[in-house]
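Below is one structure, written out as structure tokens, with a few remarks after it.
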Amino acid sequence: MITSFPAQSARHRTMGLPFLGGRGFTLLELIVVMTILSVISMAVVPVFLSGMTAVEVRNARSDFIATLRFVQELAVKESREYRVYISEEDGTYWVMRLSGLKDTEKQFEPVEEEFGAEKRFPEFLKITRIKARRDRGGNARFIACLPNGASDQAVVSLQDQRVRGRSFDIEVKGVLGKVEIKE
51 MITSFPAQSA RHRTMGLPFL GGRGFTLLEL IVVMTILSVI SMAVVPVFLS
101 GMTAVEVRNA RSDFIATLRF VQELAVKESR EYRVYISEED GTYWVMRLSG
151 LKDTEKQFEP VEEEFGAEKR FPEFLKITRI KARRDRGGNA RFIACLPNGA
201 SDQAVVSLQD QRVRGRSFDI EVKGVLGKVE IKE
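Numbered by my numbering, the letters in the sequence shown go through residues 51 to 233 in order.
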């Protein structure tokens, strides 16, 4: 007994998956879909990268302001002067606290807790100007946070080197210790 199966023309033959019921995609369809996905990806990447740039700048700015505000509160709580030191050359900042007096001159010690550790602004964020008191022993500037809640008046200007023209100032108002951002 010889059985014959109906012949299919090459036009109707596909290499489909069993669960698709013999249907499949042609190579041309796959290439078109991959091309569309590639074009969409190329359009999305610059938008994503610029969004990430803004997030990095915002995080660096927020970290500095949070440290400054925390130190202001700590100075009042402990009735002790704290200082936030800023190095324009290195792009770093750190916290020190009053340890005592030596020959009527204030002596400061590093804060060993995490908030006092030296932190670095991202490499692309350059300190362009610091308007604050200068430390006698070094090149760093500082913002003093006093036990009565007042802080030194200061302005720290930062500029994003990757995006032309994007800069902002972090301004400490002084007596009330208010911190503002001006873009």
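Beta carbons are placed, not taken as given, at the ideal position from N, Cα and C, and that holds for glycine.
{"Asked": "Cut-off 8 Å between Cβ atoms - residues of its own chain near Asn-189, not counting five sequence neighbours on either side", "Found": "Ser-137, Glu-138, Glu-139"}
{"Asked": "First and last residue of the uninterrupted alpha helix (DSSP H) at Glu-128", "Found": "77 to 128"}
{"Asked": "Beta-carbon gap between Ala-125 and Tyr-132 smaller than 9 Å", "Found": "yes"}
{"Asked": "Whole-angstrom distance between Asn-198 and Met-146, CA atom to CA atom", "Found": "17 Å"}
{"Asked": "Length of the line joining the Cα atoms of Glu-128 and Glu-230", "Found": "24 Å"}
{"Asked": "Cβ shell of Thr-103 (< 7 Å), same chain only, five flanking positions each side left out", "Found": "Arg-212, Val-213"}
{"Asked": "Leu-226 - containing beta strand (DSSP E), residue span", "Found": "Unbroken run through Leu-226: none, as it is neither H nor E."}
{"Asked": "3 or more residues per run - each beta strand (DSSP E) lying fully within the stretch 161 to 217", "Found": "175 to 181, 191 to 195, 204 to 210"}
{"Asked": "Nearest neighbour of Glu-123, chosen from Gln-203, Ile-81, Lys-232, Ala-194 [CA to CA]", "Found": "Ala-194"}
{"Asked": "Three-state secondary structure (DSSP) of Thr-154", "Found": "coil"}
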